[in-house]
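Notes for the one structure printed next.
Protein chains: 4
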Amino acid sequence: MAESPSKRAQNGGKKGKVVLAYSGGLDTSCILVWLIEEGYDVVAYTADVGQGDDYDAIRKKAMKCGAIDYVVKDLKRDFVVENIWPAVQANAKYEDRYLLGTALARPCISKGIIEVVKEHNAQAVSHGATGKGNDQVRFELSCYALHPSIEIIAPWKMPEFYNRFQGRKDLFEYAAAHDIPLPVTTSAPWSMDGNLMHISYEAGVLEDPKHEAPVDIYQMTTDPDKSPSKPDKLEIEFKKGIPVSVTHLGDKTVKTDPLELFLYLNEIGGRQGVGRIDIVENRYIGMKSRGVYECPAGEILITAHMDIESFTMDKAVRRIKQTLSLRFSEQCYEGYWYSPECEFTRDCIDRSQECVEGKVTVTVYKGHVYINARESAQSLYNEELVSMDVKGDYEPVDALGFIKVNAVRLKEYRRLRGVTFAGEATK
Amino acid sequence: MAESPSKRAQNGGKKGKVVLAYSGGLDTSCILVWLIEEGYDVVAYTADVGQGDDYDAIRKKAMKCGAIDYVVKDLKRDFVVENIWPAVQANAKYEDRYLLGTALARPCISKGIIEVVKEHNAQAVSHGATGKGNDQVRFELSCYALHPSIEIIAPWKMPEFYNRFQGRKDLFEYAAAHDIPLPVTTSAPWSMDGNLMHISYEAGVLEDPKHEAPVDIYQMTTDPDKSPSKPDKLEIEFKKGIPVSVTHLGDKTVKTDPLELFLYLNEIGGRQGVGRIDIVENRYIGMKSRGVYECPAGEILITAHMDIESFTMDKAVRRIKQTLSLRFSEQCYEGYWYSPECEFTRDCIDRSQECVEGKVTVTVYKGHVYINARESAQSLYNEELVSMDVKGDYEPVDALGFIKVNAVRLKEYRRLRGVTFAGEATK
Amino acid sequence: MAESPSKRAQNGGKKGKVVLAYSGGLDTSCILVWLIEEGYDVVAYTADVGQGDDYDAIRKKAMKCGAIDYVVKDLKRDFVVENIWPAVQANAKYEDRYLLGTALARPCISKGIIEVVKEHNAQAVSHGATGKGNDQVRFELSCYALHPSIEIIAPWKMPEFYNRFQGRKDLFEYAAAHDIPLPVTTSAPWSMDGNLMHISYEAGVLEDPKHEAPVDIYQMTTDPDKSPSKPDKLEIEFKKGIPVSVTHLGDKTVKTDPLELFLYLNEIGGRQGVGRIDIVENRYIGMKSRGVYECPAGEILITAHMDIESFTMDKAVRRIKQTLSLRFSEQCYEGYWYSPECEFTRDCIDRSQECVEGKVTVTVYKGHVYINARESAQSLYNEELVSMDVKGDYEPVDALGFIKVNAVRLKEYRRLRGVTFAGEATK
Amino acid sequence: MAESPSKRAQNGGKKGKVVLAYSGGLDTSCILVWLIEEGYDVVAYTADVGQGDDYDAIRKKAMKCGAIDYVVKDLKRDFVVENIWPAVQANAKYEDRYLLGTALARPCISKGIIEVVKEHNAQAVSHGATGKGNDQVRFELSCYALHPSIEIIAPWKMPEFYNRFQGRKDLFEYAAAHDIPLPVTTSAPWSMDGNLMHISYEAGVLEDPKHEAPVDIYQMTTDPDKSPSKPDKLEIEFKKGIPVSVTHLGDKTVKTDPLELFLYLNEIGGRQGVGRIDIVENRYIGMKSRGVYECPAGEILITAHMDIESFTMDKAVRRIKQTLSLRFSEQCYEGYWYSPECEFTRDCIDRSQECVEGKVTVTVYKGHVYINARESAQSLYNEELVSMDVKGDYEPVDALGFIKVNAVRLKEYRRLRGVTFAGEATK
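Chains as they are written, first to last, in UniProt numbering: chain F, 1 to 427; chain B, 1 to 427; chain Y, 1 to 427; chain Z, 1 to 427.
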């Protein structure tokens with residue numbers, strides 16, 4: 001028997017108004033009802049960052065569960081322009097491999113929820129992220145940074161909640177008892193999270209790191225052995241380190257709108273099976289976790305950006321920027337998008353991109369992205385200077401002095417220390 | 001008419017003994033003869049680092065040109081163990097992409113030449129590297145570091161030589177005039193350098209960065225669209241960050257000897273078209289150059305090593321080691337292998353690898369290397385801890401405090417500064 | 001009326017045995033009694049890290065308060081050798097100024113408490129550090145790292161405790177009610193913490209950062225305007241980056257024992273008023289705090305060590321080591337002494353110190369440490385090479401090439417970009 | 001007999017016009033005459049960066065030596081504003097100690113010489129820096145960067161010059177033979193270089209690193225034991241990390257003009273004996289050298305700036321900025337002021353200083369600078385938050401979770417590895 005309607009009636013709104021990040025799934029639906037029971041008025045909120053859900057259906061479900069309002073914000077373009085583009089400028093990869101698809105979306109979603117908080121004059125936000133993951137951190141740090149006095153209700157970290165709902169069975173029973181529509185499909189034996197940049201898969205069978213990811217897990221990318229036997233060749237143009245146009249050199253498709261351009265690269269990269277990775281990464285909270293990701297457009301763009309950057313950026317600037325990029329990736333992964341240090345880092349990186357412009361030709365084929373060629377009006381490459389056949393302004397004899405002076409320190413070291421290097425014959 | 005024999009006779013050995021890094025090609029053959037003309041006794045030396053030349057033929061050519069001796073040193077195993085293994089431990093990539101195949105071979109070759117110098121009681125070394133490239137630096141810095149009083153004769157940086165030999169035509173004429181055997185094949189319209197780790201292609205038609213590399217340029221790797229339609233699945237085992245065994249999970253081939261293991265991965269990676277890159281990089285001497293590389297085994301090993309490292313290395317150690325790896329790549333690229341800083345960096349990295357052990361399963365297919373799974377007795381991954389379904393020692397409520405304390409700084413910043421972040425609604 | 005005796009009798013030991021870090025002060029005495037009330041058997045523990053207390057008096061007080069045992073561990077030598085020496089090797093300064101006197105002592109104290117836990121077969125540790133400081137973190141992280149299953153009882157973070165004891169008045173009343181001996185002296189209007197390395201002062205009147213520290217606050221150092229008018233001149237000898245002997249060049253005093261040497265430098269530095277700083281630093285928990293410190297021996301040693309290090313360490317090694325030192329200072333400050341990353345960093349730094357040996361002459365006078373001279377058998381300084389009057393092996397003409405090659409990149413940048421630098425005339 | 005007049009007449013101007021950095025000393029006077037002999041028209045140029053010379057006397061000497069023109073540029077204000085202020089923002093110290101007084105002046109002087117080149121339509125510049133020092137590099141790299149096609153004539157690196165002038169005696173004889181006015185005073189047994197920021201002393205008796213600097217060497221600073229017995233107390237105000245006003249809290253002197261402010265701090269620091277250091281540093285060209293420096297205003301300003309920066313800059317931003325500052329110091333020391341990387345680094349650092357403002361009180365006394373207090377409208381210090389007596393928004397219980405989550409990784413490491421840390425009892 002449903003006990004809640006009366007309880008809801010009794011408590012409704014006593015504790016104020018909370019905006020719940022609502023996906024329409026079982027977890028957040030149970031949380032929605034539970035919050036009402038606890039005495040909150042609940043505004044359900046979905047950020048559309050390209051996950052492609054049926055927002056009308058979600059709205060209906062939210063209202064049926066008792067939300068006083070439902071808001072869906074289309075943040076797809078913001079996500080691309082505000083979050084993904086800086087990551088492309090940074091060639092951002094967490095721990096050298098993960099393209100941060102989830103991490104980049106979180107500040108965007110959080111920015112939206114704080115807007116809803118202000119629009120609805122709410123006091124609190126709530127979310128369904130677990131207490132062991134990165135997303136809780138990203139979500140909450142972003143909210144605190146944007147709205148320091150916000151209250152955050154995270155049921156999966158509240159003993160009264162997580163001790164009550166110890167497994168999916170408890171959620172199902174609660175849903176049944178409270179007229180919460182149940183999901184019609186059986187859920188996969190893993191958890192997934194998607195947006196227009198990527199889909200991540202983790203948990204369930206993936207928790208065993210020596211268990212290979214099932215072949216049918218991927219939703220954005222075709223398996224390379226089923227992908228087309230014909231490569232896609234693209235020309236990608238950058239300005240200030242940001243992609244401004246993509247041209248398919250085969251069928252002459254051209255995309256210049258940021259969102260369309262990104263989605264188009266997802267389409268090409270997806271059909272060519274590009275951007276799959278299977279990694280064990282270090283969560284911010286100190287445990288290692290195994291994740292499987294697919295990130296087609298991101299992989300293509302970072303590969304191409306890295307090339308045009310090397311072509312147009314001074315070598316010494318590049319080294320400093322490389323370190324800043326490592327910091328950016330960590331800040332982003334750990335939820336510090338809205339922090340003084342991440343804003344500082346983004347500003348510095350953006351400064352480094354002033355002349356990162358030009359066109360890169362890439363071939364996307366069977367799971368891999370190949371760089372073919374590049375050109376730029378801001379290139380620091382000088383064909384004549386580098387040519388073995390042209391002496392030009394460069395006098396080879398100068399290299400003698402260059403090397404001799406650089407050797408001073410090495411010779412002195414050897415002479416004064418008399419050391420022998422590992423691997424060196426000592427006879 | 002050949003003027004040299006008499007001149008050679010007159011000057012022969014007056015200036016002492018020089019060991020020439022000799023490839024048997026047109027350049028170094030001309031240099032050999034020219035050195036004799038200049039009054040040196042020349043010991044020709046070839047380092048076998050897996051380039052697969054016919055050393056008997058080279059010996060004959062050297063002796064015919066007038067060398068007083070010819071020495072070939074088989075350094076293949078040294079190269080793998082002393083130079084490539086540390087690079088694998090470091091996940092070494094120069095400027096995020098180049099696996100350093102040439103740079104790693106240079107200290108190995110130099111170590112060999114200094115051994116020959118000592119064995120033959122010579123005073124000088126000579127080489128045919130040009131005055132615009134990295135190799136002159138790597139070669140000379142290594143020699144100075146290992147033998148501070150060595151004299152280095154680099155004809156391509158001596159005006160009397162490079163003003164005399166301004167093009168290939170001058171070399172051909174000199175060769176004809178001095179009975180130097182001419183190459184029978186027309187050389188490719190680019191220059192290449194190979195060893196067992198990689199082949200590099202540069203110069204010639206490649207000097208135009210918007211000119212795509214010819215499809216037939218590659219010699220170690222099959223074009224992905226001609227590669228087998230069947231993936232190769234391998235299990236690679238590491239100890240202390242070094243590969244100790246490779247097992248083909250299909251045909252059960254097993255390789256454990258370092259050199260055999262590496263060559264086998266070249267074979268597998270080669271037939272699957274793995275390890276091709278086309279980049280513009282920054283030379284040490286300050287100019288950008290365009291290089292095309294293929295490095296099959298290296299690509300497989302670094303991909304696998306990075307995975308087992310993430311699995312077994314503490315997160316905070318990893319960050320420090322990541323910075324050390326960047327330094328290592330730069331040191332190696334710039335010719336500082338035999339330097340106090342590179343030896344220090346290698347020692348630190350080696351220290352970080354103490355527990356980097358375990359097995360990684362990889363799929364090599366159509367130009368790409370996929371990680372499938374990993375296991376290790378030294379894993380720092382705790383399946384039970386990370387599981388969403390197991391609470392274990394980890395109390396989700398603790399994450400509340402973790403986040404709140406981390407938010408203190410962000411909230412204060414917002415409150416005290418009242419700033420708005422870029423992209424944030426300001427209404 | 002004292003309610004506790006009976007309560008203590010009722011609960012005594014029910015919850016097991018706890019080792020309390022006990023100073024004998026009001027706070028930890030109240031905690032001792034409170035823990036007994038809560039049902040614990042309490043072993044009181046004091047780490048003697050040079051704070052110079054009367055341990056017999058503390059023992060009596062502990063036993064009077066109801067401790068089942070009292071342990072004092074003399075960790076002074078351990079503190080110097082295990083914790084301070086690595087900091088000297090690192091030239092460790094947190095945020096460029098703070099010599100980490102408190103932070104270095106915490107792992108030492110924690111190591112001792114875990115030993116007591118094992119010796120007494122206890123289940124828990126307790127401490128009186130507040131919930132806003134760094135020490136709680138350093139103490140608890142060290143304990144968890146050394147004994148993962150340890151339970152930590154931190155009353156100042158337990159609402160039932162801190163809501164009960166909201167001010168010193170509550171502690172006084174509690175002490176009075178439980179026969180806890182009260183401190184006889186009025187406490188200073190600031191809080192202080194001392195050990196043989198330093199004394200720190202914070203809180204109270206110091207909380208206002210524009211309020212100058214009282215002139216009479218300092219206990220280890222003489223005010224420079226009251227210090228002797230005669231400098232002390234010392235020769236400090238290092239081996240492997242560690243001080244092995246100090247000689248007073250005036251009165252010929254010699255100290256070689258680590259502890260005696262360190263205390264002697266405190267004496268000299270103290271009378272000369274050396275090592276005072278007044279800073280605002282960033283606590284690990286994200287708030288800024290103002291601290292006043294005096295650290296005489298530390299200041300002398302790091303000044304001297306930095307000098308001998310520069311004299312004997314290769315320039316490029318120094319740069320890498322400098323970054324490692326920054327990491328070490330942060331790790332140490334934030335409580336991660338017993339962590340994989342700090343042990344790794346210490347090992348790397350230790351590796352860098354292999355040849356850091358020799359003698360440095362310093363003058364200590366009126367608050368400042370001056371370097372006068374240095375000598376070392378491992379010096380990498382070559383007087384002949386550097387002399388303007390000796391050409392030696394160095395050919396000035398080589399510098400031409402060195403500069404020209406280094407200028408290639410700059411000239412190209414100017415030519416290809418046509419930029420003007422800030423401050424440059426553009427006419 | 002003077003051979004030169006006729007030779008000068010014969011060659012004069014045949015090779016074009018050269019701008020010589022001219023100090024009026026023996027070296028550059030000889031170079032001036034030698035350049036004329038070699039066939040150049042010489043414009044003598046002095047940059048007034050505060051060295052306090054008699055420029056009229058220098059002009060007369062230059063013209064007497066045969067210069068076609070003499071130009072003195074007053075660059076004192078530029079030097080302070082364009083070069084020293086960025087160094088203060090960076091807290092720039094090369095190798096942790098050297099405040100870069102010479103290095104900062106070189107780009108300023110070079111900017112001036114290139115202006116003269118353009119004003120006089122010259123083809124070349126010349127200077128008297130030796131071939132073993134840093135200044136040649138700084139000077140030449142700056143000139144090449146600002147004017148890529150400039151020709152640089154560095155006689156001390158030209159064998160025809162340095163083989164002719166092997167010692168001071170040769171210069172004296174040449175001067176005598178060419179009517180070059182001889183210096184009236186005997187030169188000190190060391191070399192020195194000064195500007196308004198500092199004076200450096202090196203060479204001569206200082207070349208022996210165990211030889212103490214003579215007590216009478218210092219020219220800007222009073223010996224601490226002769227300095228006033230009364231401290232000077234100053235309030236220094238910063239905006240955007242730059243000092244905008246200095247107030248003497250004793251006599252109420254106020255300075256706000258950048259140049260006056262800097263000179264005033266030199267006066268105060270000078271009489272208090274502040275800013276002396278004696279170090280062995282690593283030159284860019286790879287040799288270690290010993291330098292003695294005095295830099296009074298710089299020492300005061302960096303000490304004060306570091307304090308106000310810590311007070312107003314976010315902790316995480318500070319860490320990133322700290323690394324950028326290290327890079328800036330290296331770039332500056334090595335002569336790369338006018339480089340893409342240094343301009344990038346300065347821009348990033350400048351970005352970090354946006355809110356670095358407020359007032360710092362310092363005491364300058366007997367060779368040391370003490371921070372007393374600070375205040376700022378942009379402070380990120382929150383007295384209420386940090387107070388032990390105020391709970392405010394900070395709940396101590398949160399620290400429990402903070403520490404526990406941070407301990408997850410440490411506990412796991414211990415459990416899974418079972419390692420024992422160095423120094424830990426293993427019983």
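Here a beta-carbon is modelled for each residue, glycine too, at the ideal position from N, C-alpha and C.
| Item | Value |
| --- | --- |
| First and last residue of the uninterrupted beta strand (DSSP E) at L290/Z | Before going on, a small fix: residue 290/Z reads as Arg here, not Leu. Run containing R290/Z: K288 to E294, per the beta strand (DSSP E) assignment. |
| Per-residue DSSP class, three states only, for G418/Y | coil |
| Beta-carbon proximity check, Y365/Z vs S142/Z, cutoff 7 Å | no |
| Boundaries (first-last residue) of the beta strand (DSSP E) holding E95/B | Where E95/B is concerned, there is no enclosing beta strand (DSSP E), given that its DSSP letter is neither H nor E. |
| Neighbouring residues, chain B, relative to N406/F (Cβ below 7 Å) | L141 |
| Whether V408/B touches G286/Y by CB criterion (7 Å) | yes |
| N-terminal and C-terminal residue of the beta strand (DSSP E) that residue 429/Y is part of | Residue 429/Y lies beyond the stretch modelled for chain Y, which goes from 1 to 427, so this question has no answer here. |
| CA-to-CA distance, V43/Z to D69/Z, given in whole angstroms | 5 Å |
| Where G286/Z meets chain F, residues with beta-carbon distance less than 7 Å | V405, N406, V408 and R409 |
| Anticipated Cβ contact below 8 Å, I302/Y with V88/Y, distance rounded | 6 Å |
| Contacts that I320/Z makes with chain F (C-beta to C-beta distance below 9 Å) | T323, L324, R327, E341, F344, T345 and C348 |
| Whole alpha helix (DSSP H) elements within the stretch 311-376 of chain F, 4-residue minimum | 315-333 and 340-352 |
| Proximity winner among E395/Z, P209/Z and D232/Z, relative to T253/Z (alpha-carbon distances) | D232/Z |
| Closest residue to L150/B among S187/B, F165/B and S110/B (Cα-Cα distance) | Correcting the residue type first, residue 150/B is Ile in the shown sequence and not Leu. For I150/B, the nearest C-alpha among the options comes from S110/B. |
| Opposing strand residues paired with V254/B [DSSP bridges] | T247/B |
| Contact with chain Y by A316/B, beta-carbon distance below 7 Å | yes |
| Buried versus exposed call for E3/Z [16 or more other C-beta atoms within 10 Å across all chains shown] | Model confidence at E3/Z stands at a pLDDT of 42, short of 50, so the residue's coordinates are unreliable and nothing is read from them. |
| Proximal chain B residues relative to R352/Y, where beta-carbon distance stays under 8 Å | The sequence shown places Ser at residue 352/Y, not Arg. By Cβ distance, chain B contributes F344. |
| Own chain partners of K73/F with C-beta closer than 8 Å, once the 5 adjacent residues on each side are dropped | Y45, T46, A47, D48, G112, E115 and V116 |
| Reference T345/Y, options I152/B, D314/B and G39/B, closest by Cα | D314/B |
| Any chain Y beta carbon closer than 7 Å to H198/Z | no |
| Rounded distance between the beta-carbons of E207/Y and R276/Y, thought under 8 Å | The pair is not a contact, with the Cβ atoms about 19 Å apart (cut-off 8 Å). |
| Bridge-paired residues (DSSP) for D48/F | D74/F |
| 7 Å Cβ cutoff met for K15/F and Y40/F | yes |
| 7 Å Cβ cutoff met for P183/B and R415/F | no |
| The stretch 168-180 of chain F touching the stretch 265-280 of chain F, judged by at least three CB pairs closer than 8 Å | no |
| 7 Å Cβ cutoff met for S200/B and T130/B | no |
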